[in-house]
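Remarks on the structure that follows.
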Amino acid sequence: MKFESLIYKEIEETAWIYLNRPEVMNALSMKLSEELVTAIEIVRQSTELKFLVIKGKGSNFCVGDDIK
Numbered sequence: 016m017k018f019e020s021l022i023y024k025e026i027e028e029t030a031w032i033y034l035n036r037p038e039v040m041n042a043l044s045m046k047l048s049e050e051l052v053t054a055i056e057i058v059r060q061s062t063e064l065k066f067l068v069i070k071g072k073g074s075n076f077c078v079g080d081d082i083k
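What follows is the structure, given as structure tokens:
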């Protein structure tokens, strides 16, 4: 599945989710929040994935909600 605001990768038994809005310190927009829920649901439904790592691109993990 292709995402706009995050990067999703599967490597062996691990799913990697990268919040990818470094220009706003990975603030959670509605779009990013929806994509994050979708990506986590993909992991939850998988019988092969055993681990989930969530990271932020840039120098911050996430500053919280995008209040714009």
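Those letters in the sequence shown? Residues 16 to 83, per the working numbering, in order. The beta-carbon is built from N, C-alpha and C at its ideal position, and this holds for glycine as well.
Are residue i and residue j closer than 9 Å when you measure CB to CB?
i, j, result
"residue 66", "residue 42", "no"
"residue 72", "residue 22", "yes"
"residue 44", "residue 74", "no"
"residue 64", "residue 28", "yes"
"residue 76", "residue 47", "no"
"residue 32", "residue 54", "yes"
"residue 56", "residue 18", "no"
Bridge partners of residue i, per DSSP?
i, result
"residue 71", "34"
"residue 80", "43"
"residue 66", "29"
"residue 17", "Note: residue 17 sits in no beta bridge, so no partner."
"residue 22", "33"
Between residue i and residue j, how many whole angstroms is the CB-CB distance? I'm expecting something under 8 Å.
i, j, result
"residue 78", "residue 16", "Incorrect: roughly 26 Å between the Cβ atoms, too far for contact."
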